[in-house]
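Engineer: Residue numbers (my numbering): 4 to 431. Cβ atoms here follow ideal geometry from the backbone N, Cα and C, with glycine treated the same way.
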Ligand SMILES: *Cc1c(COP(=O)(O)O)cnc(C)c1O
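1. Between the segment 110-120 and the segment 226-238, can you find at least three pairs of beta-carbon atoms closer than 8 Å?
2. Residue 110 and residue 246: beta carbons closer than 7 Å?
3. Tell me where the beta strand (DSSP E) around residue 162 begins and ends.
4. Rounded to whole angstroms, what is the Cα-Cα separation between residue 284 and residue 219?
5. Between residue 323 and ligand 1, is the CB less than 6 Å from at least one heavy atom?
6. Would you please state the rounded distance, in angstroms, between the beta carbons of residue 366 and residue 97? I believe it to be under 8 Å.
7. Just to confirm, are residue 276 and residue 119 a CB contact at a threshold of 7 Å?
8. Where do the N-terminal and C-terminal ends of the alpha helix (DSSP H) with residue 157 fall, by residue?
9. Name, in chain order, the residues that DSSP records as bridge partners for residue 223.
10. Going along the chain, which unbroken runs of the beta strand (DSSP E) with 3 or more residues stay wholly within the segment 98-183?
11. For residue 337, I'd like the list of residues in its chain whose CB is within less than 8 Å of its CB, leaving aside the five on either flank, ordered along the chain.
12. Check for me: the beta strand (DSSP E) holding residue 68 runs from which residue to which?
13. Which class does residue 355 belong to by DSSP, given the choice of helix, strand or coil?
14. Round the Cβ separation of residue 208 and residue 174 to the nearest angstrom and send it over; I've been treating them as touching at under 8 Å.
15. Could you tell me whether the segment 128-144 touches the segment 182-193, where touching means 3 or more Cβ pairs closer than 8 Å?
16. Using CA atoms only, rank isn't needed, just tell me which of 351, 374, 353, 343 is closest to residue 359.
17. For ligand 1, is there any heavy atom lying closer than 6 Å to the beta carbon of residue 376?
18. DSSP on residue 258, reduced to helix/strand/coil?
19. Using a Cβ-Cβ cutoff of less than 7 Å, which residues in the same chain neighbour residue 19 once the five nearest sequence positions on both sides are dropped?
20. Out of curiosity, what's the CA-to-CA distance linking residue 431 and residue 382?
21. Please report the straight-line C-alpha distance between residue 291 and residue 279, rounded to a whole angstrom.
22. I want to check one thing, is the minimum distance from the CB of residue 85 to the heavy atoms of ligand 3 below 6 Å?
23. Using 6 Å as the cut-off, classify the Cβ of residue 227 as near or not near the heavy atoms of ligand 1, replying yes or no.
24. Rounding to the nearest angstrom, what Cα-Cα distance links residue 399 and residue 258 in this structure?
25. To the nearest angstrom, how far is it from the Cα of residue 86 to the Cα of residue 273?
26. Considering only DSSP beta bridges, list what residue 370 is partnered with.
27. Name the residue from 221, 124, 139, 162 whose alpha carbon lies nearest to the alpha carbon of residue 151.
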């Protein structure tokens, strides 16, 4: 546990002794119109650009310019196996074995492809369980899967809901749903970290509960990858998917990660959609062979992938390799506990943090409910140079990321918040 102090001095001192302080310099920090750096708290929405990304992308543009099609084999980082150069680093970030990992497609697309394989409904077991405040795209995706298989998307969708006057989900309630309806549930799909509350779930616990009741279990790790200690292999989950543009800093709309547990790696009977990139690499270009399934997560690929996007991912993953998740998480815990400490000084009748207080049940994000606030508060924060995220009706989400956010960022953010709230009160 950490003990923190108030005051600007304390924040500066923490930055000075921060083992990762030099990494802030490796990122482009957005600036206001006067050239002052903004306080960027939305790494959970779009991570910042590493300075080395441009070089990685330019390398591929140069190889394309100079080599044309030959770049597939003779480029500096040949395009044919390019995705393989991402696998190991990505596997470390999410706690998986390389055979369980592939970078491909986009997040929601991957969820659909995973459901082609792991949502195999029958007449009696066809329902899908998600968290009630799931990211809208995930909800739309599972509803459309239900309809695609001829089920009613209201009848087929089961929501794991918080209790009245609560925001966080309780495992006892999941247990009760499964006791009662487990036999009718084909798939459980949960966000590893809930995007709204910041609650980080016990993936292993959810998976073993689901498996006990005969359900397949998958996770959307968009808000968990690069943010929390994930152990996807040990969780036993059947599959997971996550985007690379949030905590993984790989650029807007960049390709997504996908995990398929090792126990499915060699199962050729699993239903799936395929393309030439899911075919045996050795004979892929013979073009006339019978389909020969690649083992592991790679066997879910369809197309030859966009190299420019992968170059941006590689630039970022190389930074992750340099630091390692362990150090990032250590700083993250300290930074977020400092943030929590300062917010708590504002008093319970002003703000309430809905994110779990237990550091093992959250990543870096805190979701802050501000009493009597409306969107004008967010607008004022933005005017004051703070980039945060507003969710109706009254929640600000801020994610101080350990890679590029400083203790001073957090200090200044809370000072600005305090002064805006004080000013509002004077006027009221
Ligand atoms: C960010 C996010 C998405 C976005 O999906 P894309 O397919 O990348 O547009 C979906 N689900 C969750 C949980 C997210 O956090």
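Structural biologist: Reading it off the structure:
1. no
2. yes
3. 160-163
4. 29 Å
5. no
6. About 13 Å separates the two Cβ atoms, so there is no contact after all.
7. yes
8. First-last for residue 157: undefined, no H or E at that position.
9. 194, 244
10. 104-107, 130-134, 160-163
11. 5, 17
12. Residue 68 -> not in any beta strand (DSSP E); alpha helix (DSSP H) instead, spanning 56-70.
13. strand
14. 6 Å
15. yes
16. 343
17. no
18. coil
19. none
20. Unreliable positioning characterises residue 431 in this predicted model, as indicated by a pLDDT of 49, which lies under 50. A coordinate reading is not provided.
21. 11 Å
22. With respect to ligand 3, the structure offers nothing, as its ligand set consists of ligand 1.
23. no
24. 27 Å
25. 23 Å
26. 400
27. 124
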